[in-house]
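These notes concern the structure reproduced below.
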Amino acid sequence: MRGASSAHYFRNGVVMKKSAACSWLFQLCIVMFVLCAKAFAQTPGISEAVVSTSNLEGTVTLVVAGVKTVFPLPGVNASTTSGEGTVQHDAANVNVGVSGIANLATVDTPHSQANFAATQTTTTLAGTASASNISLAQNAVQSTSVSGRGYCTFDSAGAIRCVGSTSLGSVIVNGVPVSIPQQPIPIGYPLATVSATLAVNLPGLGLLVNIPVSGALKVNDYIFSGVGSKRFLAIHAPLHLELAGSLNVLSVGLVSAQIDLRDVTETIADTTSVATTPIVSSVSPDAIDCSNLADGYYADPSSQCSPEFFACQSGKSISKTCPAGTVFNSSEIECVVPNDDSYCPAPTQTSVKLLQVH
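Just so we're aligned: the sequence shown equals residues 41 to 398 in the working numbering.
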């Protein structure tokens, strides 16, 4: 019950609901119930979890005459949460460099979002990272309209499922446009071999050298660790560039450089039993993985209180949008007019009514 009376109607095959105003006391009771429900929602088998999304992170390793220096790159425009709800950030254009190496990467109009949802049966950790332009390794790789979404679900039976999607406007490698595969882009797709010259100002020597480096650019990549342990880590990277190379410099010796750059969604879960090997799948950016879901309506796992949602029918995903002025309520599984008595809990793939898909 949400109030003294309510009206239901259909529009474009979507259930609609507009609740009448309820008393102040009744609203207070609802708020208290919601807060308590959120505080105690925990999936058996998951003792602690965190999800973090950033528009660029990685490491740069430089070895000069046997002396090794590692430069960790902290997450650019990071959004992190270890409790239920959504955290998101936007930033102005960012240029990243380390000591001796300028212009390692540029990220234009970065956006990051991290979402944590938990019920008594499933915990979902999801993140979205996007940018209008990303340039890596002193412009060796340039990409427009970069967007990636990764999410992992952990159920009370110990199963782990991770889904990744990536969309790219264009990609240029070494000045040449690269063909982008059709959606959904396979997990860990090797998009291009990259060769570049990295300008390095040797620290403490004041000597500028150009180190030839080469490697690979992967898209929609997933990296896992912790299988068989009680701490599981999954990293989804829409773009993942790894380069390495070396140069013999007169009077200095061998100089080598190694670069690992990526924009990521990182999920960590502490489990009460050892983590199992995850089931990994790729979906289109405008879809969720319906292969293991019952027919019905589902919230976008990386969004909260959004007009966007999905319908699953016979294992296929159909993207849908609520009518103007409404949002998808993942508890009621319907579009509602957002007002004081309509609460949007964090989205979860388990809170679904088995409705006919229109």
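C-beta: ideal position from N, C-alpha, C; glycine also.
For residue i, the nearest candidate out of the options (CA to CA)
i	options	result
G255	I358, A239, T146 and A232	A232
S322	L165, E374 and C192	C192
G244	S183, T163 and G140	G140
S354	K360, D335 and A145	D335
V138	L113, D261, S185 and N155	L113
L96	A145, P363 and T316	A145
H280	Q160, G198 and L176	L176
G98	A277, P325, G167 and H151	A277
L283	D303, T237 and G268	T237
T206	G190, S219 and P230	G190
I225	D303, N260, Y337 and V295	N260
L247	G293, D329, V234 and S219	G293
G115	N241, G198 and H151	H151
P221	S235, K258 and P252	K258
A274	A327, E374, V240 and P318	P318
A158	V249, G204 and V91	V91
V203	T83, F194 and C375	F194
D303	S331, S119 and V234	S119
N332	T121, C352 and N241	C352
I358	S122, I328 and V377	I328
V249	Y229, V234 and G285	G285
N214	V234, G198, P230 and P363	V234
G198	T161, V367 and L165	T161
T164	G188, S122, I251 and P230	S122
K178	V136, T316, V367 and F368	First, the residue type needs correcting, since residue 178 is Gln and not Lys in the sequence shown. Nearest of V136, T316, V367 and F368 to Q178, Cα basis: V136.
V240	A142, S172 and V377	A142
A166	G188, S210, V295 and S172	G188
Element boundaries [beta strand (DSSP E), containing residue i]
i	result
T188	One detail in the question is off: residue 188 reads as Gly in this sequence, not Thr. Segment V181 to D195, the beta strand (DSSP E) holding G188.
E348	E348 to Q353
N95	I86 to V104
P112	V107 to L113
L257	L247 to S265
T126	G125 to D130
N173	T162 to L176
C375	E374 to V376
L144	I141 to D148
V367	V367 to N369
T361	K356 to T361
S119	S119 to T121
A339	G336 to A339
N402	The structure shown does not extend to residue 402, since the chain is modelled only from 41 to 398, so the question has no answer here.
N155	H151 to A158
Inter-residue CB distance, residue i and residue j (contact presumed, cutoff 8 Å)
i	j	result
T93	Q153	6 Å
I174	T311	33 Å between Cβ atoms; not a contact.
A89	T305	Their Cβ separation, rounded to whole angstroms, is 13 Å, which puts A89 and T305 out of contact at 8 Å.
S269	V314	6 Å
I227	V218	Contact flag wrong, Cβ pair sits at about 18 Å.
F422	I200	The question about residue 422 has no answer, for the chain in this structure spans 41 to 398.
Y337	I308	Their Cβ separation, rounded to whole angstroms, is 30 Å, which puts Y337 and I308 out of contact at 8 Å.
P84	S196	4 Å
F349	K360	6 Å
Within-8 Å CB hit, residue i to chain B
i	result
V295	Within the model displayed, chain B is absent; a lone protein chain is all it includes.
Whole beta strand (DSSP E) runs in the region 290-327 with 3 or more residues, listed along the chain? 293-311 and 319-322
Going along the chain, which unbroken runs of the alpha helix (DSSP H) with 4 or more residues stay wholly within the region 193-236? none
For the 8 Å Cβ check, are there 3 or more pairs between the region 96-105 and the region 284-295? yes
Below 8 Å, can you find three or more Cβ-Cβ pairs linking the region 291-303 to the region 327-342? no
Pair every Cβ in the region 115-135 with every Cβ in the region 261-271, then say whether three or more of these pairs are closer than 8 Å. no
Using 8 Å as the Cβ pair cut-off and three pairs as the minimum, do the region 180-197 and the region 121-130 touch? no
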